Amino acid sequence: MTYLSKPKMHHPDLKANALGFTRRDYEGPVSTLCAGCGHDSISAAIIRACYQLNLQPHRIAKMSGIGCSSKTPSYFLGASHGFNSVHGRMPSVLTGANIANRDLIYLGVSGDGDSASIGLGQFAHSIRRGVNMTYIVENNGVYGLTKGQFSATADKGAKNRRGVPNMDEPIDMVSMALQLGATYVGRSFSGDKDQLVPLIEGALMHKGAAFIDCISPCVAFNNHEGSTKSFDYVREHNEAVNRMDVITGRLPITADYAPGEMELVRQHDGTYLKLKKIATDYDPTDRVAVMNYLQEHKARGEIVTGLLYVDSDADDLHGYLNSVDAPFNTLSDADLVPGAAALAKLNASLR
Amino acid sequence: MNAIDKIQPLSTVPALQAVNEFVVKFANVNGSGSASANQLFAKAILRMGVPVTPRNIFPSNIQGLPTWYEMRVSEAGHMGARDGTDLMVAMNPQTWDEDIASIMPGGYLFYDSTKPMPASKFRDDINVIGVPLTAITNAAYTQSRERQLFKNIIYVGVLAALLDMDVKAIEGLLADQFRGRDKLIAANHQALRLGYDYALANLQCPIGLRFRPSDQVGDRIFLEGNAASALGALYGGATVCAWYPITPSSSLAEAFMKYCAKYRVDSDTKKNRFGIVQAEDELSSIGMVIGAGWNGARAFTATSGPGISLMQEFIGLAYFAEIPAVIFDVQRAGPSTGMPTRNQQCDILSCAYASHGDTKHVLLFPEDPAECFDFGADAMDLADRLQTPIFVLLDLDIGMNERLCRPLTWDDNRKLDRGKVMMAEDLIAGRVFGRYLDVDGDGIPYRTYPGTHPTKGAYFTRGTSRDEYARYTEDGAAYQRNMDRLVKKFETAKAMVPAPIRRDAAVATRLGAIYYGSTAPAMLEAAEILAGRGIHLDLMRVRGFPFAAAVGDFVAAHDKVFVVEQNRDAQLRTLLINEEEFNPKQLAKVLHYDGSPITARFIAETIAGLIG
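From first to last, the protein sequence lines are chains A and B.
Add 25 to a position in the first sequence, counting from 1, and you land on the number used in my numbering.
The second sequence: position 572 = 555 (my numbering), numbered continuously.
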């Protein structure tokens, strides 16, 4: 099986969103990943997020590198252009695409091998440039396509399937993203759809570099006793700091939570992130406090999840480049070519 | 009064006599501010209507090491480098011995005589002109920065008197250069006069080398190839530049910034119709270019050999996934760091076959800044039309040196050719879209820009094999069909790249020479020298790869063809033999690869030697 498209027939009862699209319109061909793979759950969450946000599928560009996670863009958003690029290099391709056309929504999907090892540099630099994108790392701690070697996010002491422990320090991409200036940072778990879907929605609506580390157990090579990226381990050690809803359009009057338990964050485009605080002392707008909190809880062996940090006033690369509002690929010859008269003047200055 | 006599005995050979045909070389210390004074001198010569070709010779260093500025003055129009120096301006004690040694017998040495040099440090077959430059400067200026800068202007003044130059032309240039800063103009004029008047009063002026006003510059302009390439990219509609600093290409991206700031800022919103990113490395810069090209913007990077090595994997992706990209490679001596500030044409093969797997890429070889402009703009069209990476292969010699060339031209009727792009209306009209479907029989498929239509025209771009409709497949037949179509597309490119230029000898001959890029001026001069000795050569300047049919005709029409190149391994010759299946015995190697620009004398001597 190399390519299996799904039947185009829709169930007549499938609900359409405000644009008239059903969930099926956001799907792609059948996944070729292993049955039970966490990555397929993330694909499903992306599909749901795009459906719920009423995004036009063709206005999304899905970009990836190489690896199991990077294969997944084939399996969702079949009506979107996709680009499965080179190992570890999705961020640069996405950056260039974004510069060329600022009007599309950029979704970068990568893995821990793709982004924490070979692509660590490109990950870092795309974040610090403030590229307007949603950058999801489907983090399973192993190389799946090459059959189970440790990746750079594998925890020290975590054991592979043969019981051999990893002796290298892990790279924590969330901490890196925070340090490098990401303006929306979340961590979630592929097994927690309720947490993950709104986190992706918020990221897609965020202006600036949004990063989500999504732990996604590898059922084939990293779901055993001794692994710190297995379903059981993550469920046991998951410490959510908040739960989130994304509200588009008019803000409803809500009395869901007692004062002090709920926080509303208005994003650039007018959407709201409604946060129900679980850790009451947690402030997701204070970058330094967030970094401290994460370090402290990591030392206790906890996997902190939720919307970890957000800067709702963030600017993006186009702001720094001061680029025109029109996508570059729509600029006319007159916009681009100074013409013969300007050249004659220039010639005169070069004599 | 003869100051030359007063300092050193007269030369034992007759002093060189020449008007508008000689080489002046300045030996300076890097970072001493000499570059602008030397450039001023060159421009003054051009203002007199005398063609001059300057070359910066500099080490990989910022401050303190030796640097040279060599000027070939040639009313006859010879622009290639020439061996030997007729007038050495020796301002760097560090390189004294080698500088003295490079002076032609009967030539001239101009030096700072403030501190006496022992007689053993001179030659008895050259003419020595000592001027106490430091003493003059220190008497006139008190601040150390002033002393450093004005010393350079003072020696320009001395040279103007020695070489019978129009000092008013230099004053005019200084006034242009510092327009609006009157104090600076006055100070520079004063320094210039200080040197000029000293020379007239104390030295025998002029010496045997002299300038005479001429009309040989004409309407030509004086420009670096890197700047011209940047302008070409701009006129070709490039909006995205992603680059990583590397000598000798950095000034190309920097020139693009400068010209974009001048020509591409929206006058109403003050916003930019361009995006320039200094990437973290060359992998990232080519990645951004490919991302932008995929999205329908014209994008380029500028780099040199080491950058090409780093970009290999991405270049293969762009070839296979068929994404437009333009790469300016300003070549320098390799391999590895090699001689990073020295000249070579050594990336021909690594660009022609860049990446793993079976690949072939389009290469363009500009000979001078004017062609850098033309090819820079053409490359943008070619990349879109062929949906593939296009390499523009400059080298340090034309990239980083100002060169006299024909004025840049642009036809206002020219439209940017964006190639085969299927728009929303095409899709709505029901045109069949297969991203890798060869509907026209030229190997070039149609593409869509991302976001074109809600339900039609989307496709998945990948470096893995796929069928004509961009669907992943490992079917061997589909893979092979695709690879064969890419060859067909390369064949189509033959008629699109700049055609070779043939220049036949005055008399019929069975000898030919093929050359390209910065070798051109030395090759033309060499052909003249050889013709003078009765050896006649038909010439063909190759300007693009894949090779046009005319290249095959040229080789077939000659018994022996000399392939003149600036690399060790005869890379263009290898490409000719490999792609055109020429008989290797028919193609003789003429190879210059010591890092200096090739000279006419080298080519002439080598060819004469090969003929025997």
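Don't be surprised by glycine CBs; every beta carbon is placed ideally from N, CA and C.
Keep in mind the model is a prediction, meaning the values are calculated, not measured.
Item	Value
I'd like to know whether the C-beta of B/D(-12) is nearer than 7 Å to at least one C-beta of chain A.	Reliability fails at B/D(-12), whose pLDDT of 42 lies under 50, so the model's placement of it is uncertain and no value is given.
Starting from B/E451, trace the beta strand (DSSP E) in both directions and tell me its first and last residue.	Here B/E451 belongs to no beta strand (DSSP E), and DSSP marks it neither H nor E.
Tell me, please, which residues DSSP counts as bridged to A/C239.	A/E163 and A/S213
Please list the residues of the stretch 276 to 304 of chain B that have a C-beta atom closer than 9 Å to any C-beta atom in chain A, keeping them in chain order.	G276, W277, N278, G279, A280, R281, A282, E296, F297, G299, L300 and A304
In whole angstroms, what is the alpha-carbon distance linking B/P(-8) and B/A143?	Legend: pLDDT at B/P(-8) = 47, less than 50; position of this residue unreliable, value from coordinates given subsequently. About 24 Å.
Excluding sequence positions up to five away, which residues of its chain have a Cβ less than 6 Å from the Cβ of B/V141?	V114, G178 and A182
Going by C-alpha distance, which of B/D467, B/G359, B/A571 and B/Q549 is nearest B/A236?	B/G359
When we look at the beta-carbon of B/Q327 and count the other beta-carbons within 10 Å, is it buried (16 or more) or exposed?	buried
Am I right that B/E207 and B/G47 are in contact with their C-beta atoms under 8 Å? What's the rounded C-beta distance?	With 8 Å as the limit, B/E207 and B/G47 do not qualify as a contact, their Cβ atoms being about 24 Å apart.
Taking C-beta pairs closer than 7 Å, name the residues in chain A that B/P390 reaches, listed in chain order.	N372
Does the beta carbon of B/F374 fall short of 6 Å from some heavy atom of the ligand GTP?	Looking at this structure, you won't find the ligand GTP or any other ligand, since it has none at all.
For the stretch 82 to 93 of chain A, which residues have a beta carbon sitting closer than 9 Å to at least one beta carbon of chain B?	P82, H83, R84, I85, A86, K87, M88 and I91
Using a Cβ-Cβ cutoff of less than 8 Å, which residues in the same chain neighbour A/A280 once the five nearest sequence positions on both sides are dropped?	In this prediction, A/A280 has a pLDDT of 46, which is less than 50 and means its spatial position is unreliable; nothing more can be read from the coordinates.
Do B/L293 and B/E265 have their beta-carbon atoms positioned less than 7 Å apart in this structure?	yes
Tell me the DSSP bridge mates of B/N597?	The requested residue 597 of chain B does not occur in the structure, where chain B is confined to residues -16 to 595.
Quick test of the definition: if touching needs 3 or more C-beta pairs under 8 Å, does the stretch 491 to 509 of chain B touch the stretch 545 to 565 of chain B?	yes
Since A/S94 is in the alpha helix (DSSP H), which residue starts that stretch and which ends it?	C93 to K96
In chain B, which residues lie less than 7 Å from A/H150 when you measure between Cβ atoms?	E263 and S267
If distances are taken between C-alpha atoms only, which option among B/D367, B/F257, B/P323 and B/Q295 comes closest to B/E305?	B/D367
Who are the Cβ neighbours of A/S68 in its own chain at under 6 Å, not counting the five residues just before and after it?	T97, Y100 and F101
How about A/V167 and A/N247: are their beta carbons less than 7 Å apart?	yes
In the DSSP assignment, find the unbroken alpha helix (DSSP H) run with B/Y302 in it and report its ends.	G288 to A304
Look up A/Y307 in the DSSP assignment and say whether it is helix, strand or coil.	coil
What residues from chain A crowd round B/P189, counting only those whose CB sits closer than 7 Å?	Ordered by position in chain A, no residue passes the 7 Å Cβ test against B/P189, which lies about 26 Å from the chain.
Could you pull out every residue in the same chain whose Cβ sits closer than 6 Å to the Cβ of B/G417, ignoring the five residues on either side in sequence?	E451 and Y452
Verify whether the separation of the beta carbon atoms of B/K134 and B/L116 is less than 7 Å.	yes
Kindly confirm or deny that the stretch 264 to 282 of chain B and the stretch 296 to 310 of chain B touch, where touching means at least three C-beta pairs closer than 8 Å.	yes
Can you check which of these residues, A/C62, A/D128 and A/A86, is closest to A/V134 by C-alpha distance?	A/A86
Hey, B/F205 and B/K26 are a contact pair by Cβ (cut 8 Å); roughly how many whole angstroms apart?	7 Å
Do B/A10 and B/A73 have their C-beta atoms closer together than 7 Å?	yes
So, helix, strand or coil for A/N317, using DSSP?	helix
Restricting to runs no shorter than 3 residues, where is the beta strand (DSSP E) found entirely within the stretch 159 to 210 of chain B?	204 to 207
Short of 8 Å Cβ to Cβ, which residues in the stretch 248 to 259 of chain B face chain A?	D249, T252, K253, K254, N255, R256, F257, G258 and I259
For B/N396, count neighbouring C-beta atoms within 10 Å of its own C-beta (all shown protein chains included) and say buried if the count is 16 or more, exposed if not.	exposed
So, does the CB of A/Q204 fall closer than 7 Å to a CB anywhere in chain B?	no
Residues bridged to A/K184 by DSSP?	A/P190
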